[in-house]
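Here is the structure we will look at, set down as structure tokens.
Numbering (our numbering), first residue to last: 1 to 119.
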């Protein structure tokens with residue numbers, strides 16, 4: 001494989017087997033996340049995966065259990081937390097008391113196959 005930005009690329013097989021690879025950042029299509037996470041956890045690697053982690057709650061629970069069993073970190077990243085809008089919202093809420101409430105969705109249930117967990 002080629003070098004990108006002075007970093008030698010490696011195959012998935014090599015990454016899974018390498019003692020020099022300690023963690024994986026998974027940014028594939030949503031439907032591929034579960035298989036990739038499982039492979040890296042089974043290989044003893046920490047995993048950072050973009051949202052959504054997987055497409056079902058059952059799969060998420062299985063993978064969390066596997067990560068715990070292996071003593072590895074499994075982290076789901078929400079990229080929206082890095083946006084300027086989120087930073088502004090956080091700044092506006094800083095020091096204020098937030099009132100507990102209920103969030104109502106008016107658009108109907110989410111399609112679990114397209115948007116991860118059911119609502």
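Beta carbons are placed, not taken as given, at the ideal position from N, Cα and C, and that holds for glycine.
Residue i burial status per 10 Å Cβ neighbour count (16 or more: buried)
| i | result |
| --- | --- |
| residue 37 | buried |
| residue 118 | With a pLDDT of only 43 at residue 118, under the threshold of 50, the placement of this residue in the model should not be trusted; the figure read from the coordinates follows. It counts as exposed. |
| residue 63 | buried |
| residue 61 | exposed |
Bounding residues of the alpha helix (DSSP H) (the contiguous stretch that carries residue i)
| i | result |
| --- | --- |
| residue 61 | 57–70 |
| residue 48 | No alpha helix (DSSP H) contains residue 48, which is instead part of the beta strand (DSSP E) from 46–50. |
| residue 12 | 12–17 |
| residue 84 | 84–93 |
Whole-angstrom distance between residue j and residue i, CA atom to CA atom
| i | j | result |
| --- | --- | --- |
| residue 3 | residue 84 | 33 Å |
| residue 52 | residue 75 | 11 Å |
| residue 5 | residue 100 | 47 Å |
| residue 90 | residue 1 | 42 Å |
Range covered by the beta strand (DSSP E) that runs through residue i
| i | result |
| --- | --- |
| residue 77 | 74–77 |
| residue 43 | Premise fails: residue 43 is in no beta strand (DSSP E) and is neither H nor E. |
Beta-carbon spacing of residue i, residue j below 8 Å
| i | j | result |
| --- | --- | --- |
| residue 41 | residue 23 | no |
| residue 46 | residue 73 | yes |
| residue 39 | residue 16 | yes |
| residue 158 | residue 79 | Residue 158 lies beyond the stretch modelled for the chain, which goes from 1 to 119, so this question has no answer here. |
| residue 158 | residue 48 | Since the first and last residues shown for the chain are 1 and 119, residue 158 lies out of range. |
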